[in-house]
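**Q** What follows is a structure written as structure tokens; I'll ask about it next.
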Amino acid sequence: MCFSHEFLVAYNIYHNQPQRLIVRYEYPVDTEEKYVSFVDDETFAKQGFAVTVPVLAKVLNDSRVVGSSQGLLCLYGYYRVPGHSRHNSVREMVVLWNPSIIKSVGVAVPGVLCWRLETILGFGVCPIRSDPMIVKITQVNLNWEMRSRASVPWVVEVFSLSKGSWRILSSNLPNKSIKITWSQVVIERFIYWFAFDKLVAADGGFSTKSMIMSFENLVNQSYMNLSISKVCESLAVLEYATNMKNQVCNIWVKNHGVQNLFKKLFTINAPYAPIRALGFTKSGKPIMEVKDYYKEAAALVVYEPSLGYINNIGISGNYGSFFVGSYMETLLLLDQSDCSVYSNIDN
Numbered sequence: 013m014c015f016s017h018e019f020l021v022a023y024n025i026y027h028n029q030p031q032r033l034i035v036r037y038e039y040p041v042d043t044e045e046k047y048v049s050f051v052d053d054e055t056f057a058k059q060g061f062a063v064t065v066p067v068l069a070k071v072l073n074d075s076r077v078v079g080s081s082q083g084l085l086c087l088y089g090y091y092r093v094p095g096h097s098r099h100n101s102v103r104e105m106v107v108l109w110n111p112s113i114i115k116s117v118g119v120a121v122p123g124v125l126c127w128r129l130e131t132i133l134g135f136g137v138c139p140i141r142s143d144p145m146i147v148k149i150t151q152v153n154l155n156w157e158m159r160s161r162a163s164v165p166w167v168v169e170v171f172s173l174s175k176g177s178w179r180i181l182s183s184n185l186p187n188k189s190i191k192i193t194w195s196q197v198v199i200e201r202f203i204y205w206f207a208f209d210k211l212v213a214a215d216g217g218f219s220t221k222s223m224i225m226s227f228e229n230l231v232n233q234s235y236m237n238l239s240i241s242k243v244c245e246s247l248a249v250l251e252y253a254t255n256m257k258n259q260v261c262n263i264w265v266k267n268h269g270v271q272n273l274f275k276k277l278f279t280i281n282a283p284y285a286p287i288r289a290l291g292f293t294k295s296g297k298p299i300m301e302v303k304d305y306y307k308e309a310a311a312l313v314v315y316e317p318s319l320g321y322i323n324n325i326g327i328s329g330n331y332g333s334f335f336v337g338s339y340m341e342t343l344l345l346l347d348q349s350d351c352s353v354y355s356n357i358d359n
């Protein structure tokens, strides 16, 4: 049976499925990556089911989830090619995966074989054309000497599944001193990254300026204490702080009425453990991983802002291994050959 791309686009528009959440984590015993899916409603903690990991994803080493969009997950990692020398055997690859139809495709990523450079990826599905797109940013490693970094331009490449190839963007690139992080979120037609600008001070030292300039008390925050997310399709910033008794996470949400202004939504206090907010339910409740000092594993929990208490979902994993993303059933990738790899790049 053959489906046209136009049919798949129409299906996604007119067949709205219940929104789901997909969770990835590493089990503490065998460090195996596991995926669980939940319907995003008030009872989701009681009806999760395991998701089968595709073969292509199992090939990746040190894989990470870049993001989720329109029912697809984007994974990124590397694999080794048998029969090659150790220096030339490493290949970077993205895996686009649709769990609802158990299908995945690979995309070879142009490699960066230089310690001075690093790769940051972004992922999203164009809501108009239902076209999965990968953005690859090559920037200078932060550890390289600052004055040298400022002289090296960015390289930005875009892969669209409909074209099956990478193209280089050469206009409207940010300042060379700006540092992009992996913290990102997709809202409508845009991919947002958290970034900062590390500037050379007059005395020869360095100063760091966050790209988020409208927060009342975030201007002097270290970029290590900030990340971005979304709450009910609004851009949000997570600000972490620690005092003598609590670890605190302040949730700031973009004010749609005022350009570039954020307002504080609420504050999460964790009196006994490190916390990391992973995402939000469609009703705006934070989903977090919480590390108990007296236990090896971290717990996945939902914070109830109106009541101020934490609801344990019953999933344990290594701290730092959790990912939570929105997810819906879709036919995207149905017209692709399962486990096929787009590899038309020069290595």
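If you want this note's numbering, it's the position in the sequence shown, counting the first as 1, plus 12. Note that the Cβ used here is the ideal one computed from N, Cα and C, for glycine as well.
Roughly how many whole angstroms lie between the Cα atoms of Val-119 and Val-78?
**A** If you number the sequence shown from 1, residue 119 lands on position 107. If you number the sequence shown from 1, residue 78 lands on position 66. Each residue's Cα considered, the two are about 13 Å apart.
**Q** Give the DSSP bridge partners of Lys-115, in chain order.
**A** As a first step, residue 115 is located in the sequence shown; it is residue number 103 there, counting from the start. Answer is Asn-110.
**Q** What three-state label does DSSP hand Val-167 in the structure shown?
**A** On the sequence shown, residue 167 is found 155 positions in, with the first residue counted as 1. Strand at Val-167.
**Q** Which residue from Lys-46, Phe-135 and Thr-55 puts its Cα closest to that of Leu-366?
**A** Since the displayed the chain opens at 13 and closes at 359, residue 366 lies outside it and no answer follows.
**Q** So is Leu-344 buried or exposed if we call it buried at 16+ other beta carbons inside 10 Å?
**A** For the purposes of this step, residue 344 is identified with residue 332 of the sequence shown, where counting begins at 1. Buried, by the Cβ-count rule.
**Q** Note down, in chain order, each residue of its chain lying with its Cβ closer than 7 Å to the Cβ of Asp-358, except the 5 sequence neighbours on either side.
**A** Residue numbering aside, residue 358 sits at position 346 when the sequence shown is read from its first letter. Because the pLDDT of Asp-358 is 49, which lies under 50, any placement of that residue in the model is unreliable, and the question is left without a value.
**Q** Around the C-beta of Asn-255, are 16 or more other C-beta atoms found within 10 angstroms, so that it is buried, or is it exposed?
**A** As a working note, residue 255 is residue 243 in the sequence shown. Burial call: exposed.
**Q** Of all the beta strand (DSSP E) runs that stay within the bounds of the segment 255-292, which reach a length of 3 or more residues?
**A** 259-266, 274-282 and 287-292, all fully within the segment 255-292.
**Q** Going by DSSP, name the residue or residues bridged to Gln-196.
**A** What you label residue 196 is simply residue 184 of the sequence shown in a count that begins at 1. For Gln-196, which the question treats as bridged, DSSP gives the partners Trp-205.
**Q** Pick out whichever of Pro-111, Ala-69 and Ser-75 has its Cα sitting closest to the Cα of His-61.
**A** Here residue 61 corresponds to residue number 49 of the sequence shown, with the count starting at 1. The question names His, yet the displayed sequence has Phe at residue 61. Considering only alpha carbons, the answer is Pro-111.
**Q** DSSP on Lys-70, reduced to helix/strand/coil?
**A** The residue you call residue 70 lines up with position 58 of the sequence shown. Note: Lys-70 maps to helix in three-state DSSP.
**Q** On the premise that Tyr-37 lies in contact with Ile-327, defined as a C-beta separation below 8 Å, what is that separation, rounded to the nearest angstrom?
**A** Taking the sequence shown and counting its residues from 1, the one referred to as residue 327 is at position 315. Taking the sequence shown and counting its residues from 1, the one referred to as residue 37 is at position 25. Correct: roughly 6 Å between the Cβ atoms.
**Q** Taking its Cβ as the centre, do 16 or more other Cβ atoms sit within 10 Å of Cys-86, making it buried, or is it exposed?
**A** As a first step, residue 86 is located in the sequence shown; it is residue number 74 there, counting from the start. Buried.
**Q** Is Asn-184 helix, strand or coil when you go by DSSP?
**A** Here residue 184 is taken as the residue at index 172 of the sequence shown, counted from 1. It is coil, neither helix nor strand.
**Q** Which same chain residues end up closer than 6 Å to Phe-278 when comparing Cβ atoms and leaving out the 5 residues on each side of it in sequence?
**A** On the sequence shown, residue 278 is found 266 positions in, with the first residue counted as 1. For Phe-278, where only same-chain residues beyond five positions count, the Cβ hits under 6 Å are Ile-263 and Pro-317.
**Q** Using only the alpha-carbon positions, how far apart do Val-170 and Lys-257 sit?
**A** Reading the sequence shown from its first residue, position 158 is the one you call residue 170. Reading the sequence shown from its first residue, position 245 is the one you call residue 257. Cα to Cα, the separation comes out at about 46 Å.
**Q** Can you grab the Cα-Cα spacing for the pair Leu-250 / Ser-241, in whole Å?
**A** For the purposes of this step, residue 250 is taken as the residue at position 238 of the sequence shown. For the purposes of this step, residue 241 is taken as the residue at position 229 of the sequence shown. Each residue's alpha carbon lies about 7 Å from the other.
**Q** Per DSSP, what are the beta-bridge partners of Ala-309 in this structure?
**A** The count along the sequence shown starts at 1 and reaches residue 309 at position 297. Partner(s): none; Ala-309 has no beta bridge.
**Q** What does DSSP give as the partner residues of Cys-244 in its beta bridges?
**A** Walking along the sequence shown from the start, residue 244 turns up at place 232. Cys-244 pairs with nothing; no bridge assigned.
**Q** Span of the beta strand (DSSP E) holding Leu-84?
**A** Position 72 of the sequence shown, counting from 1, holds the residue named residue 84. Per DSSP, Leu-84 belongs to the beta strand (DSSP E) from 84-92.
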